[in-house]
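J.: Going down the list, the protein sequences come from chains A and B. Numbering-wise, the first sequence is residues 479 to 967 according to our numbering. Numbering-wise, the second sequence is residues 479 to 967 according to our numbering. This is the structure, below, for whatever I ask next.
There are 2 protein chains.
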Amino acid sequence: MNQSLLQHFDILFNPHSVALIGASDKLGSWGAGILSRLLASSFPRRVYPINKNASEIRGLKAYESIAEVPDPVDFAVIAIPFPQIPTVMEECVGKGVKAALIISGGLAETNEEGVRIEKEIVEIASRGGIRFIGPNCMGHFDTSSDLSMVAFVGQVRKGPVGVIAQSGGYGGRIVLGGLDKGLGFSKFVSSGNEADLHLEDYLEYLAQDEATKVIALYIEGLREGRRFFQLAREITRKKPIVAMKAGKTATAARAAKSHAAALAGSEAIYDTLFRQSGVIRVEEDVELLDVTSALLDLPLPKGRRVGILAEGGGSSVVTTDVCELTGLEIAPLAPTTLEKLNSILPPYWPHGNPVDTTDAIVLGQQVIFPCLSALMEDENVDAIMLLGGIVKAADFPPLEKEHPLLREKMDKFIQGMEEEELRNIDVVAERMHQCQKPLIISRGINAAVRSSRVFNRLREKGIPVYPIPDRGAKVLAHLVRYSEYLRGE
Amino acid sequence: MNQSLLQHFDILFNPHSVALIGASDKLGSWGAGILSRLLASSFPRRVYPINKNASEIRGLKAYESIAEVPDPVDFAVIAIPFPQIPTVMEECVGKGVKAALIISGGLAETNEEGVRIEKEIVEIASRGGIRFIGPNCMGHFDTSSDLSMVAFVGQVRKGPVGVIAQSGGYGGRIVLGGLDKGLGFSKFVSSGNEADLHLEDYLEYLAQDEATKVIALYIEGLREGRRFFQLAREITRKKPIVAMKAGKTATAARAAKSHAAALAGSEAIYDTLFRQSGVIRVEEDVELLDVTSALLDLPLPKGRRVGILAEGGGSSVVTTDVCELTGLEIAPLAPTTLEKLNSILPPYWPHGNPVDTTDAIVLGQQVIFPCLSALMEDENVDAIMLLGGIVKAADFPPLEKEHPLLREKMDKFIQGMEEEELRNIDVVAERMHQCQKPLIISRGINAAVRSSRVFNRLREKGIPVYPIPDRGAKVLAHLVRYSEYLRGE
């Protein structure tokens with residue numbers, strides 16, 4: 479990317495000194511929230527609160543204006559009512575600020591006056607060599623430099639996911655949801671009205687950022703569609719881009735305009751744009767996080783033929799439905815696989831894919847992992863969906879009114895089962911990567927499952943567990959299509 | 479329903495004495511699991527373990543066959559390999575058993591021999607006046623009589639949901655998922671191959687069961703479509719039926735046949751059948767539980783016009799999308815509502831539906847509940863979707879490295895915010911029922927949210943909170959259509 483822009487980005491994401499214009503100690507306010515984030519950083523960074531009505535905030539000397547700060551300032555955060563922004567931006571130019579973030583709303587997303595003031599701000603910044611994020615946004619963060627302007631998000635786990643969101647709230651959902659799921663993040667930008675820097679600029683920056691391995695986008699409307707297409711086509715060869723595009727219906731598109739001054743554009747155009755540039759389009763944020771995790775943890779499948787292993791017929795039927803309906807194929811099993819399964823399962827198993835273990839498990843037999851291995855080794859199988867049959871310990875109802883001796887025996891039994899599952903998971907995870915066949919699990923998830931050792935081991939090993947098979951099939955279909963795109967199919 | 483059938487059902491769901499044929503103390507086996515459930519019951523019920531190779535199981539005297547039991551037995555559970563079932567069924571007839579449950583598989587779902595044996599079992603039972611559940615199923619339970627044959631489910635919360643499932647595994651998912659969600663259950667049947675009793679029989683039984691307020695079905699194939707239609711048309715006038723129908727694709731339908739010997743039938747026919755009889759059709763079990771809860775907790779809306787209140791533009795755009803795409807309408811707000819909202823929100827709010835609170839909340843203003851009231855009072859609004867803006871305390875990142883005094887101030891601030899939300903929720907819940915306008919919330923749900931007082935209060939008050947607006951829109955669309963069906967629209 480352009481060297482001058484890169485320099486501005488380096489300041490935005492890792493400034494030496496920050497002036498917080500609109501710093502406050504009023505709890506719940508944006509100015510107080512950002513100051514908390516700045517003070518929580520482990521990086522030695524000079525922070526200057528700017529506030530006309532205070533001489534000290536949270537133990538730091540406060541200044542009436544940025545002009546009064548005695549040291550150089552390379553980055554300014556602006557969180558004050560919008561009519562005052564042009565004046566403040568002039569002062570930033572005077573001070574030699576290079577990069578800024580404008581949190582405040584009330585500009586181009588509202589009315590003609592807002593449009594006028596926003597233009598004025600852009601002119602002043604542009605004249606003074608300041609590049610800025612926003613306005614009308616919720617800030618950005620960078621976990622490498624431990625910088626965060628995002629007041630409503632606490633300490634963020636470092637990791638490979640970079641996020642650009644044309645809605646701060648939705649961006650926040652993605653980050654908070656991802657943290658809950660165990661994901662880590664590299665950089666985040668809530669791009670707001672994109673008066674100066676556009677989503678496409680951030681995209682170019684994340685493309686060259688080594689900490690970022692997957693790029694997640696929340697889009698309402700692109701300002702530079704052609705540039706996006708060209709960038710995405712290059713980037714998706716190296717790192718996946720997952721995009722949620724909102725504002726599909728006419729009313730929603732109007733709402734997008736009044737919210738982020740974005741033009742939603744035609745849905746068909748977006749579909750084509752994403753498809754032709756290898757961007758993975760998702761419908762909502764849970765799906766976005768599912769796919770993002772899967773891209774980081776799972777191998778890309780070589781084809782779309784799924785082996786389904788289900789503990790119980792209902793699961794096998796439902797999973798077959800969702801797989802076929804998302805465009806996956808039910809793999810025809812090789813004769814050798816059928817033979818192997820014959821030797822594992824009761825004689826009345828359905829002898830085909832989906833592989834229903836019937837009542838083998840009810841009879842207390844350990845069949846899941848042998849069956850999994852058989853499917854893993856089948857050349858006709860590109861990916862595996864496992865339904866139930868795992869995290870078994872969590873399925874044992876607690877013993878009520880039972881004799882202590884039985885309780886002890888039961889505990890031992892369950893523990894043995896758990897140990898065996900843990901060992902098997904380690905083996906399967908390794909085989910999965912060797913064979914390049916993603917394994918996706920679906921099973922009911924309640925509190926007992928969430929807190930179990932087996933569930934956490936699966937998480938560590940990057941084998942996803944979804945409460946409904948539908949989510950697994952969607953993720954798998956995305957991986958398949960992305961893999962096909964990369965192979966030029 | 480037919481008095482003789484009703485009598486058989488009363489024995490099935492509340493027997494005086496139970497013979498468990500295939501009782502065992504082998505941990506993990508079905509025979510051991512059912513015995514645990516029987517022993518855990520608080521009801522005084524005679525239990526007779528039947529096992530050729532044991533004289534005592536879990537402290538109870540075991541018998542070689544049911545014929546040897548000295549007292550009368552009205553209900554027999556059969557959990558032994560399928561070839562022995564005809565002989566055992568003859569013995570049950572000889573003993574005067576009135577009702578049975580056959581857990582064992584290996585029958586009509588497998589091959590010609592299985593079909594033959596299953597027919598033989600039906601003939602013997604029919605001749606001897608025994609009605610039975612199964613074979614190839616996972617049992618049934620009744621919380622009123624504290625009877626459970628479902629080995630893999632522990633103590634079940636009593637409540638208004640009755641479940642009939644043509645897959646034991648999927649039925650189990652529904653019950654375990656429901657318990658995790660706070661739902662309670664009346665009766666449950668895993669209907670298996672339905673060699674004797676059909677889903678339609680259970681449906682008729684649940685229809686007249688006073689403890690059952692909503693009926694949830696997992697269907698793979700109906701054996702008596704016309705009867706189902708006639709029953710459903712009557713029942714849905716009084717209590718809602720929610721149905722998940724699997725086996726949509728050809729491969730899945732084949733899997734259904736080999737699993738529960740069910741004929742999946744044409745998708746279009748099922749759609750028409752459900753629509754014309756007022757049955758609410760859902761796609762998967764999470765949706766099934768969402769709708770079931772909502773039917774119990776929320777008032778039915780009078781129309782399909784939704785008021786959207788969103789903390790943040792992204793949420794308002796996404797929610798508008800999902801509402802319109804599920805067939806809901808975005809309500810045109812009344813002029814008086816716009817005036818009220820003008821007095822609550824910053825001047826640059828978008829002045830229409832969806833109502834985006836813009837940065838009002840960022841500025842620390844309490845606007846959500848006043849806005850909610852305004853929407854509740856609008857005659858153009860039939861239902862409300864709230865996005866974010868609530869359970870605020872969970873959104874405050876923990877303070878790191880902060881001064882203890884600030885920490886104390888912060889804690890008080892958050893607690894005050896929480897108290898106010900709790901008070902407001904009580905008011906809103908009451909208004910919701912008075913105005914007959916369901917309120918559905920969507921917001922990110924992480925551990926902090928799940929454990930918060932406000933989240934739990936919402937749950938108590940029956941106001942649903944979903945992690946994505948999509949789930950809320952689907953639920954609302956179901957309520958709207960059911961309400962329209964009942965009004966004859």
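Ideal placement from N, C-alpha and C gives every residue a C-beta, glycine not left out.
(1) Rounded to the nearest angstrom, what separates B/SER744 and A/GLY583 at their Cα positions?
(2) When the cut-off is 7 Å and only beta carbons count, does A/LYS818 lie next to chain B?
(3) Beta-carbon of B/THR798 versus every beta-carbon of chain A: anything under 7 Å?
(4) Under the three-state reduction of DSSP, which class applies to A/ARG759: helix, strand or coil?
(5) Would A/SER447 pass as an interface residue toward chain B - the criterion being a Cβ-Cβ separation below 7 Å?
(6) If you follow the alpha helix (DSSP H) that B/MET863 is part of, which residue opens it and which one closes it?
(7) Can you tell me the Cα-Cα spacing of B/PHE487 and A/ILE642, whole angstroms?
(8) Is the region 487-504 of chain B touching the region 831-839 of chain A in the sense that three or more CB pairs, one from each, lie closer than 8 Å?
(9) Return helix, strand or coil for B/ARG523, following the three-state DSSP convention.
(10) Would you say B/ALA577 and B/PHE560 are within 7 Å of each other, going by their C-beta atoms?
(11) Can you tell me which of A/ILE919, A/ILE652 and A/VAL600 puts its alpha carbon nearest to the alpha carbon of B/ARG921?
(12) I need the DSSP call for A/SER622, collapsed to helix, strand or coil.
(13) Taking contact to mean 3 or more Cβ pairs, one atom from each stretch, closer than 8 Å, check whether the region 853-860 of chain A and the region 908-918 of chain A are in contact.
(14) Which residue marks the beginning of the beta strand (DSSP E) containing A/SER507, and which one marks its end?
(15) Output, in chain order, the set of chain B residues within a Cβ distance shorter than 7 Å of A/ALA532.
(16) Hey, would you say B/VAL795 sits closer than 7 Å to A/ALA724, going by beta carbons?
(17) I'd like the span of the alpha helix (DSSP H) that includes B/ALA566, first residue to last.
(18) If you scan the region 610-661 of chain A from start to end, which runs of the beta strand (DSSP E) of 3 or more residues do you find wholly inside it?
(19) Let me know the beta strand (DSSP E) ranges lying completely inside the region 664-736 of chain A, each 3 residues or longer, listed in chain order.
(20) Counting only Cβ-Cβ distances shorter than 8 Å, please list the residues of the region 518-544 of chain B near chain A, keeping chain order.
(21) In terms of residues, what are the limits of the beta strand (DSSP E) holding A/LEU778?
(22) Identify whether A/VAL958 lies in helix, strand or coil by the three-state DSSP scheme.
(23) Can you give me the Cβ contacts of B/ARG759 inside the same chain, cut-off strictly under 6 Å, excluding the 5 residues immediately before and after it?
(24) For a contact meaning CB atoms closer than 7 Å, what does A/ASP873 contact in chain B?
(25) Taking only the alpha-carbon atoms, compute the straight-line gap between B/ALA728 and B/THR565 and give it to the nearest angstrom.
(26) Among B/LYS818, B/ALA545, B/GLU789 and B/LEU884, whose alpha-carbon lies nearest the alpha-carbon of B/GLY866?
(27) Kindly list the residues whose CB is nearer than 7 Å to the CB of B/GLU802, restricted to its own chain and excluding five residues on each side of it in sequence; keep chain order.
(28) Quick one: what does DSSP say B/TYR748 is sitting in, helix, strand or coil?
(29) Please state if the CB of A/ASP658 and the CB of A/ARG949 are separated by a distance shorter than 7 Å.
(30) So B/ALA955 contacts chain A; which residues on that side make the cut at Cβ distance below 8 Å?
(31) Can a CB atom of chain B be found closer than 7 Å to the CB of A/PHE891?
(32) With a Cβ-Cβ cutoff of 7 Å, do A/ASP674 and A/ARG609 count as a contact?
(33) Pull out every residue of the region 934-958 of chain A whose Cβ sits closer than 9 Å to any Cβ of chain B, in chain order.
(34) Beta carbons nearer than 7 Å to chain A: which residues of the region 572-585 of chain B have them?
(35) Are B/ILE443 and B/ILE544 touching if we call contact CB-CB under 7 Å?
(36) Should B/PHE521 be labelled buried (16 or more other beta-carbon atoms within 10 Å of its own) or exposed?
T.: According to the structure data:
(1) 54 Å
(2) no
(3) yes
(4) strand
(5) In this structure chain A extends from 479 to 967, so residue 447 of chain A is not present and cannot be described.
(6) Looking at the DSSP string, B/MET863 is not in any alpha helix (DSSP H); the run it does join, the beta strand (DSSP E), is 861-865.
(7) 59 Å
(8) no
(9) coil
(10) no
(11) A/ILE652
(12) coil
(13) yes
(14) Taken as a continuous stretch (DSSP letters only), A/SER507 belongs to no beta strand (DSSP E), as it is neither H nor E.
(15) Within 7 Å Cβ-Cβ: nothing; A/ALA532 doesn't reach chain B, min ~15 Å.
(16) yes
(17) The sequence given here places Val at residue 566 of chain B; Ala does not occur at that position. Taken as a continuous stretch (DSSP letters only), the alpha helix (DSSP H) holding B/VAL566 covers 563-573.
(18) 618-620 and 636-643
(19) 692-697 and 719-723
(20) ALA518, ARG536 and GLY537
(21) Unbroken run through A/LEU778: none, as it is neither H nor E.
(22) helix
(23) ALA721 and PHE752
(24) PHE630
(25) 37 Å
(26) B/GLU789
(27) ILE808
(28) helix
(29) no
(30) What B/ALA955 touches in chain A: nothing, since even the nearest Cβ is about 14 Å away.
(31) yes
(32) yes
(33) PRO945, ILE946, PRO947 and ASP948
(34) GLY583 and GLY584
(35) For residue 443 of chain B there is no data in the structure shown, the boundaries of chain B being 479 and 967.
(36) exposed
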